[in-house]
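Input: a single structure, listed below in structure tokens.
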Amino acid sequence: MRSQRETWGDTLAELAATNPDILVLDGDLASSTRADRFADAQPAQFLEMGIAEQNMVGVAVGLSTVGYIPWLSSFTVFLTHRALDQVRMLVAQPRANVKIGAAYSGLLTGLTGKTHQDVQDLAIMRAMPGMTVLVPGDEFECAAMTRWATTFDGPVYLRLTRDPSPALFDDSYRFRPGHVHQLREGSDVLLIATGPQTSRCMVAADMLAHEGVSAGVLHVPSIRPIDTDAVVRTVGRYPTLFSVEEHSVLGGLGGCMAEIISTHSPRRLVRIGIEDTWGESAPNDFLLERHGLTATRVAARVIAEMG
Amino acid sequence: MDRPRVADPELERRARLARWHVMSTVAASGAGHVGGPLSAIELLVALYFQVLDIRPDEPEWADRDRFILSKGHSAIGLYAVMAQRGYLPVAELASFDRGDSRLQGHPDATRLPGLDASTGSLGQGLAVGIGIALGARMRGRGFRTFVMLGDGECQEGMVWESVQVAARYGLDNLVAVVDQNDLQQYGWPPDDRRDARGDRGSPWSGTMLGDAFRAFGWRVMDVDGHDFDQVIGACSDARESVGQPTVIVARTVKGQGLSFTAGRYDWHARIPTPDELALARLELGIDASGQPT
Chain A
91 MRSQRETWGD
101 TLAELAATNP
111 DILVLDGDLA
121 SSTRADRFAD
131 AQPAQFLEMG
141 IAEQNMVGVA
151 VGLSTVGYIP
161 WLSSFTVFLT
171 HRALDQVRML
181 VAQPRANVKI
191 GAAYSGLLTG
201 LTGKTHQDVQ
211 DLAIMRAMPG
221 MTVLVPGDEF
231 ECAAMTRWAT
241 TFDGPVYLRL
251 TRDPSPALFD
261 DSYRFRPGHV
271 HQLREGSDVL
281 LIATGPQTSR
291 CMVAADMLAH
301 EGVSAGVLHV
311 PSIRPIDTDA
321 VVRTVGRYPT
331 LFSVEEHSVL
341 GGLGGCMAEI
351 ISTHSPRRLV
361 RIGIEDTWGE
371 SAPNDFLLER
381 HGLTATRVAA
391 RVIAEMG
Chain B
20 MDRPRVADPE
30 LERRARLARW
40 HVMSTVAASG
50 AGHVGGPLSA
60 IELLVALYFQ
70 VLDIRPDEPE
80 WADRDRFILS
90 KGHSAIGLYA
100 VMAQRGYLPV
110 AELASFDRGD
120 SRLQGHPDAT
130 RLPGLDASTG
140 SLGQGLAVGI
150 GIALGARMRG
160 RGFRTFVMLG
170 DGECQEGMVW
180 ESVQVAARYG
190 LDNLVAVVDQ
200 NDLQQYGWPP
210 DDRRDARGDR
220 GSPWSGTMLG
230 DAFRAFGWRV
240 MDVDGHDFDQ
250 VIGACSDARE
260 SVGQPTVIVA
270 RTVKGQGLSF
280 TAGRYDWHAR
290 IPTPDELALA
300 RLELGIDASG
310 QPT
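As given, the protein sequences belong to chains A and B, one line each in that order. For what it's worth, the working numbering labels the leading residue of the first sequence as 91, then goes sequentially. For what it's worth, the working numbering labels the leading residue of the second sequence as 20, then goes sequentially.
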């Protein structure tokens, strides 16, 4: 298993070998985001911007206006929180061709704690007109999204995770914006997930089967745009829905689903994610357990909610 | 700068007309800013008529010099000068701040051709200018990038991120122009600085703004921002810079050009009354046909 951050750095290095317009701008975190792989492979296309994320966003916008395809390299939290106004005014509003490589998303950020965990980024970025918001579930999807985003003309937010996660796809995967993937059929409940949380939901669905609950799994890698019709068609087959995400229960995937379902196909939706609280420094297993996101905890929650 | 003060009559007329357009447009729209646009008029007229290598009839010309108004709230001043330069009809100024207008309250590059960046939230334009200048150098293009900042705007921390990075990359094709009009929207109470040019405290009282840029490795030029010859000369001298970005710290007066607005902080964003507009027309020497005498 290759982590998403490694996949991202490697994929960009491959693309840049034949496209001199691809740049990476780094906020002094390349050795964490693995943009260092790009820097090693294409040093002339790597621009260190120092610990100054707001400026970095603006510089990327300027570079985009003279035809470059700049990718930003930093931690999610610094791009979506510290540089939020710059992303809003300079990137999203003019639809600048800037790609946001947001590494270290979610809770699992390597023992850094709540200062470095970002569990509001989807809520923020998906509320931004003009922004494309992508959440890869594994390394294959990550590579495909990185390639697609580099070709697409417009701002893209790519939510990357730090640690390797089980594969959902293989190297035949092709990304289509908005597309949702039903990875498992079921009849009692539907687990709707994004990012590596989908792989934990696949395990949860196995556990639920042992308990006599037939759970489908819908993987949603493209938070914005999203194929609303496909979501509506899928959820219509299930009486009860669960959104599950390594993100706040406010405004992320669960919020997105609540908006679609309440309008087009009203039915019960339980949102599983980080409740209205901050994270903390702890090993991954502890954090997933604490916030109810392990396969075991997700399965238990489903059974409890089914009453 | 030890250049003789030689007022170019045509530029001076253009500045008066631009000031009139600022006042009349803001009065008609019932919105907009006054003090900041008026302090920047000579800088803008000098840039658009003497300094920038641009083609108003070909606003996307790839080798044009770039200009970013980072102090985006002075948009009406920029539009007034761009209109005279031929980027838009002067009559279109009447659409300022109206629905569907190309002339938004803050510059919107997606609407008006000729704008090189969208600005408004302060402190962000210099970073975009760095990206353009860096891109120009990487592509081997000879055009220059100018960014105008306000002195109040320079209180934004992001400006100093940009100042450091511009020097770090040795961007000698980048020129920052600071419209140091010595006032901001509200700011501090009046202080006793002898050189204060406004009726409240200077945004940078206690700090020499030019020295701050110099400490970061910039080439610094101080000019009278209402003196065309000094401004044009400094922009020309900036071409000589090797391996250093240049900042032109332009001493200006907020609300310059009108007796009742000059040095008055409360004219940051006031709407002229009909009487004030009449006085402005008189002081600016605008005839009945709307032209400067």
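Ideal Cβ positions, reconstructed from N, Cα and C, are used throughout, including at glycine. Note that the structure is predicted; figures quoted are calculated from it, not measured.
Candidates the options, of which the one nearest residue i by Cα
i, options, result
"Gly-189 of chain B", "B:Val-261, B:Arg-85, B:Gln-199", "B:Val-261"
"Glu-295 of chain B", "B:Glu-31, B:Met-42, B:Arg-35, B:Leu-30", "B:Met-42"
"Gly-140 of chain A", "A:Ser-121, A:Val-293, A:Asp-228", "A:Ser-121"
"Asp-76 of chain B", "B:Leu-131, B:Gly-124, B:Leu-88", "B:Leu-131"
"Pro-78 of chain B", "B:His-125, B:Thr-129, B:Gly-55, B:Pro-209", "B:Thr-129"
"Leu-248 of chain A", "A:Phe-136, A:Glu-104, A:Ser-304, A:Thr-166", "A:Thr-166"
"Gly-51 of chain B", "B:Met-157, B:Ala-186, B:Leu-277, B:Gly-91", "B:Gly-91"
"Asp-260 of chain A", "A:Phe-242, A:Leu-250, A:Val-270, A:Gly-227", "A:Gly-227"
"Ser-195 of chain A", "A:Asp-175, A:Val-149, A:Thr-205, A:Arg-252", "A:Arg-252"
"Ala-34 of chain B", "B:Met-177, B:Cys-254, B:Gln-69", "B:Gln-69"
"Ile-73 of chain B", "B:Leu-62, B:Leu-63, B:Arg-85", "B:Arg-85"
"Asp-375 of chain A", "A:Val-149, A:Arg-290, A:Ala-192", "A:Arg-290"
"Glu-229 of chain A", "A:Phe-332, A:Ala-103, A:Gly-285", "A:Gly-285"
Rounded C-alpha distance that separates residue i from residue j
i, j, result
"His-309 of chain A", "Gly-276 of chain A", "14 Å"
"His-381 of chain A", "Val-388 of chain A", "10 Å"
"Ala-195 of chain B", "Ser-181 of chain B", "11 Å"
"Arg-283 of chain B", "Pro-222 of chain B", "14 Å"
"Pro-293 of chain B", "Thr-164 of chain B", "39 Å"
"Met-20 of chain B", "Cys-232 of chain A", "Any reading at Met-20 of chain B is ruled out, since the residue's pLDDT is 39, under 50, leaving its predicted position unreliable."
"Arg-95 of chain A", "Leu-280 of chain A", "29 Å"
"Asp-317 of chain A", "Cys-346 of chain A", "12 Å"
"Ala-294 of chain A", "Leu-383 of chain A", "10 Å"
"Leu-202 of chain B", "Ala-65 of chain B", "22 Å"
"Leu-378 of chain A", "Gly-200 of chain A", "13 Å"
"Pro-23 of chain B", "Thr-271 of chain B", "Because the pLDDT of Pro-23 of chain B is 44, which lies under 50, any placement of that residue in the model is unreliable, and the number read from its coordinates should be weighed accordingly. Their backbone Cα atoms lie some 18 Å apart in a straight line."
"Gly-49 of chain B", "Leu-112 of chain B", "13 Å"
"Arg-121 of chain B", "Leu-258 of chain A", "48 Å"
"Phe-242 of chain A", "Gly-157 of chain A", "13 Å"
"Ser-371 of chain A", "Gln-207 of chain A", "9 Å"
"Ile-190 of chain A", "Pro-160 of chain A", "9 Å"
"Ala-231 of chain B", "Ala-348 of chain A", "51 Å"
"Leu-228 of chain B", "Val-268 of chain B", "8 Å"
"Ala-186 of chain B", "His-269 of chain A", "45 Å"
"Val-360 of chain A", "Thr-330 of chain A", "8 Å"
"Asp-211 of chain B", "Phe-279 of chain B", "22 Å"
"Ile-350 of chain A", "Thr-97 of chain A", "32 Å"
"Ala-37 of chain B", "Val-339 of chain A", "53 Å"
"Trp-238 of chain A", "Glu-336 of chain A", "24 Å"
"Asp-218 of chain B", "Pro-209 of chain B", "6 Å"
"Cys-254 of chain B", "Pro-264 of chain B", "12 Å"
Close Cβ partners of residue i (< 7 Å) along its chain, the five nearest in sequence each way excluded
i, result
"Ala-234 of chain A", "Tyr-263, Arg-264, Phe-265"
"Ala-186 of chain A", "Val-151, Ser-154, Leu-180, Pro-245"
"Arg-300 of chain B", "Trp-39"
"Val-184 of chain B", "Ile-149"
"Arg-314 of chain A", "Arg-216, Met-221, Thr-222, Val-223"
"Arg-83 of chain B", "Asp-72, Ile-73, Arg-74, Phe-162"
Beta-carbon separation (whole angstroms), residue i vs residue j, contact threshold 8 Å
i, j, result
"Gln-287 of chain A", "Val-321 of chain A", "The pair is not a contact, with the Cβ atoms about 17 Å apart (cut-off 8 Å)."
"Leu-153 of chain B", "Leu-153 of chain A", "6 Å"
"Ile-364 of chain A", "Val-209 of chain A", "5 Å"
"Phe-128 of chain A", "Val-114 of chain A", "5 Å"
"Arg-357 of chain A", "Gly-306 of chain A", "Actually they are not in contact, since the Cβ atoms of Arg-357 of chain A and Gly-306 of chain A sit about 14 Å apart, beyond 8 Å."
"Gly-144 of chain B", "Ala-136 of chain B", "6 Å"
"Gly-206 of chain B", "Val-53 of chain B", "About 16 Å; that fails the 8 Å criterion."
Cβ shell of residue i (< 6 Å), same chain only, five flanking positions each side left out
i, result
"Met-396 of chain A", "none"
"Ala-59 of chain B", "Ser-93, Gly-96, Asp-198"
"Pro-254 of chain A", "Met-91, Ser-93"
"Ser-164 of chain A", "Gly-117, Leu-119, Glu-143"
"Tyr-106 of chain B", "Pro-75, Gly-133"
"Gly-99 of chain A", "Arg-124, Ala-125, Arg-127, Phe-128"
8 Å Cβ shell around residue i - same chain, five flanking residues per side excluded
i, result
"Arg-32 of chain B", "Pro-311"
"Arg-172 of chain A", "Glu-143, Gln-144"
"Gln-204 of chain B", "Gly-171, Tyr-284, His-287, Ala-288"
"Arg-258 of chain B", "Arg-163"
Can you list the alpha helix (DSSP H) stretches of 4 or more residues lying completely in the segment 103-162 of chain B, in chain order?
144-158
Quick check for students: name the residue ranges of the alpha helix (DSSP H) that lie wholly in the segment 212-295 of chain A, counting only runs of 4 or more.
229-241
With a floor of 3 residues, list each beta strand (DSSP E) that falls wholly inside the segment 326-357 of chain A, ordered by position along the chain.
330-338
What runs of the beta strand (DSSP E), each 3 residues or longer, lie entirely inside the segment 91-125 of chain A?
112-116
Enumerate, from N- to C-terminal direction, the unbroken beta strand (DSSP E) stretches of 3 or more residues contained entirely within the segment 131-213 of chain A.
136-138, 159-165, 189-193
4-residue-minimum alpha helix (DSSP H) runs that sit fully inside the segment 299-330 of chain A, ordered along the chain
318-325
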